[in-house]
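A.B. asks: One structure, as structure tokens, below. Some questions next.
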Amino acid sequence: MSSVVDCHGVSFAYGEQPAVSDVSLTVEQGDFLGLIGPNGSGKTTLLHLMLGLLSPDEGSIELFGQPVDDIDQGNRIGYVSQQATSRGGTMPVTVRECVRMGRFAHAGHARLSADDEAIAEEALETVGITDLAEQRVNELSGGQRQRAYIARALASEADLLALDEPTVGVDAESRDAFYQLLESLNNDGIAIILIEHDIGVVTDRADRIACINTELYHHGDTESFVESDALSEAYGATGTVVHHHH
Ligand code: ADP
0 MSSVVDCHGV SFAYGEQPAV SDVSLTVEQG DFLGLIGPNG SGKTTLLHLM LGLLSPDEGS
60 IELFGQPVDD IDQGNRIGYV SQQATSRGGT MPVTVRECVR MGRFAHAGHA RLSADDEAIA
120 EEALETVGIT DLAEQRVNEL SGGQRQRAYI ARALASEADL LALDEPTVGV DAESRDAFYQ
180 LLESLNNDGI AIILIEHDIG VVTDRADRIA CINTELYHHG DTESFVESDA LSEAYGATGT
240 VVHHHH
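Everything in the sequence shown is counted per numbering that gives the first Met the number 0, starting at 0 for the first residue and increasing by one.
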């Protein structure tokens with residue numbers, strides 16, 4: 000079986016400024032990868048490269064075993080960008096309509112079958128927002144909107160969920176529930192790439208960690224990361240505190 004994401008020696012610069020340098024890493028099916036690093040360390044850039052939203056200057060990237068530039072299986076990827084929680088979103092559709100959009104790639108035309116609609120309803124149920132189905136997406140709270148986007152990805156039967164700081168602006172309780180949801184989706188087999196600034200959340204939830212600061216400092220299982228010096232090396236010797244939630 001092919002990997003979900005395969006990066007080989009990937010580099011990218013904005014003009015002269017390198018943002019990602021010679022990064023090689025692999026995300027396998029069923030992985031929950033936490034992507035961490037200080038502010039401005041290239042996390043969002045690397046995620047955009049992995050999803051084909053940017054093209055590398057050097058190196059190569061495969062998604063589902065295909066060069067990312069040729070990917071014709073966009074429905075297999077659910078991407079929740081950093082902006083997804085911010086207010087004033089421009090989605091004047093209802094939550095149910097938004098989630099049903101996840102089915103269009105499968106339906107192949109503008110009319111959904113009863114099966115497509117049932118899958119969309121199930122996705123609403125899974126993320127716990129059935130009661131919000133008739134609300135407009137741009138009227139939701141940040142946390143509710145995250146769930147709507149995740150439901151849309153589930154409806155499209157995505158194999159990979161990529162999330163860029165998905166709980167910025169979300170209260171602590173909803174945040175915990177959100178990470179429990181991610182964990183249970185991952186247990187059902189969906190691969191997850193999570194950018195999250197709270198290292199404690201990442202070490203608690205992710206089974207693999209990629210720690211970057213332009214270059215890759217660590218890529219491996221969470222346990223070996225916690226035991227390594229990668230964190231202090233990548234973050235500098237300024238004493239980043241690791242919080243654990245138990
Ligand atoms: P992170 O997600 O870890 O905070 P980013 O990938 O957003 O880091 O940014 C990495 C570096 O690239 C930073 O120095 C940032 O200022 C720079 N950068 C990000 N986006 C752009 C852009 N569109 N144009 C120029 N520089 C950028």
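Quick reminder that beta carbons are idealized off the backbone N, C-alpha and C, glycines included.
Examine the Cβ distances between the segment 92-108 and the segment 167-183 and report whether three or more of them are shorter than 8 Å.
C.D. replies: No, the segment 92-108 is not in contact with the segment 167-183.
A.B. asks: When you compare the segment 157-173 with the segment 118-132, are there three or more beta-carbon pairs, one atom per stretch, that lie closer than 8 Å?
C.D. replies: As far as the Cβ criterion goes, the segment 157-173 does not touch the segment 118-132, which means the pair count is below three.
A.B. asks: Starting from the Cα of serine 80, find the closest Cα among Arg207, Thr44 and Gly8 and give me that residue.
C.D. replies: Answer by Cα proximity: Thr44.
A.B. asks: Can you give me the C-alpha to C-alpha distance between cysteine 6 and asparagine 38, rounded to a whole angstrom?
C.D. replies: Cα-Cα distance, rounded: 22 Å.
A.B. asks: With a threshold of 6 Å on Cβ separation, who are the neighbours of serine 20 within its own chain once the five nearest residues in sequence on each side are excluded?
C.D. replies: Counting only Cβ-Cβ distances below 6 Å, and skipping sequence neighbours, we find Ser10, Thr213 and Glu214.
A.B. asks: Could you work out which residue in Tyr234, Glu138 and Asp220 is closest to glutamate 27 when comparing CA atoms only?
C.D. replies: Among Tyr234, Glu138 and Asp220, the Cα nearest to that of glutamate 27 belongs to Asp220.
A.B. asks: Alpha carbon to alpha carbon, how far is leucine 159 from serine 231?
C.D. replies: Rounded to whole angstroms, leucine 159 to serine 231 spans 29 Å at the Cα level.
A.B. asks: Out of Asp114, Ser1, Pro91 and Pro55, which one is the CA nearest neighbour of glycine 14?
C.D. replies: Checking every option, the nearest Cα to that of glycine 14 belongs to Pro55.
A.B. asks: Going by DSSP in three states, glutamine 16 sits in which element: helix, strand or coil?
C.D. replies: Strand.
A.B. asks: Figure out for me which residue from Gly33, Val4, Gly188 and Tyr234 has the closest Cα to the Cα of serine 59.
C.D. replies: Per the Cα distances, Val4.
A.B. asks: Could you name the residues of the same chain whose beta carbon sits closer than 6 Å to that of glycine 64, not counting the 5 residues immediately before and after it, in chain order?
C.D. replies: So the list reads Ser1, once near-sequence residues are dropped.
A.B. asks: Hey, is threonine 166 close to the ligand ADP, as in C-beta under 6 Å from one of its heavy atoms?
C.D. replies: Every heavy atom of the ligand ADP is 6 Å or more from the Cβ of threonine 166, so no.
A.B. asks: Which one of His218, Glu138 and Asp228 has the shortest CA to CA distance from leucine 32?
C.D. replies: When each option's Cα is compared against that of leucine 32, the closest is His218.
A.B. asks: When the distance is taken between beta carbons, is tyrosine 216 closer than 7 Å to alanine 233?
C.D. replies: Going by C-beta atoms, alanine 233 is nearer than 7 Å to tyrosine 216.
A.B. asks: Is valine 26 helix, strand or coil by DSSP?
C.D. replies: Three-state result, valine 26: strand.
A.B. asks: DSSP three-state label for asparagine 212, please.
C.D. replies: The answer is strand: DSSP assigns asparagine 212 an E or B state.
A.B. asks: Rounded to the nearest angstrom, what separates alanine 313 and glycine 8 at their Cα positions?
C.D. replies: Lying before the first or after the last residue shown, residue 313 is absent from the chain, which here runs from 0 to 245.
A.B. asks: Would you call the CB atoms of arginine 102 and alanine 154 closer than 7 Å?
C.D. replies: Cβ distance < 7 Å, so arginine 102 and alanine 154 count as in contact.
A.B. asks: In terms of residues, what are the limits of the alpha helix (DSSP H) holding isoleucine 118?
C.D. replies: Counting along the chain, the alpha helix (DSSP H) containing isoleucine 118 begins and ends at 113-126.
A.B. asks: Am I right that asparagine 74 and alanine 104 are in contact with their C-beta atoms under 8 Å? What's the rounded C-beta distance?
C.D. replies: With 8 Å as the limit, asparagine 74 and alanine 104 qualify as a contact, their Cβ atoms being about 4 Å apart.
A.B. asks: If you measure between the beta carbons of isoleucine 76 and alanine 157, is that distance less than 7 Å?
C.D. replies: Closer than 7 Å, so yes.
A.B. asks: Among all the DSSP beta bridges, which residues are the ones paired with arginine 207?
C.D. replies: Answer is Leu32 and Asp220.
A.B. asks: Quick check: what's the CA-CA separation for glutamate 121 versus aspartate 175?
C.D. replies: Rounded to whole angstroms, glutamate 121 to aspartate 175 spans 22 Å at the Cα level.
A.B. asks: Going by DSSP, what residue range makes up the alpha helix (DSSP H) through glycine 141?
C.D. replies: Unbroken alpha helix (DSSP H) run through glycine 141: 141-154.
A.B. asks: If you check the beta carbons only, do valine 94 and leucine 46 fall under 7 Å apart?
C.D. replies: No. Outside cutoff.
A.B. asks: Identify whether histidine 196 lies in helix, strand or coil by the three-state DSSP scheme.
C.D. replies: Note: histidine 196 maps to coil in three-state DSSP.
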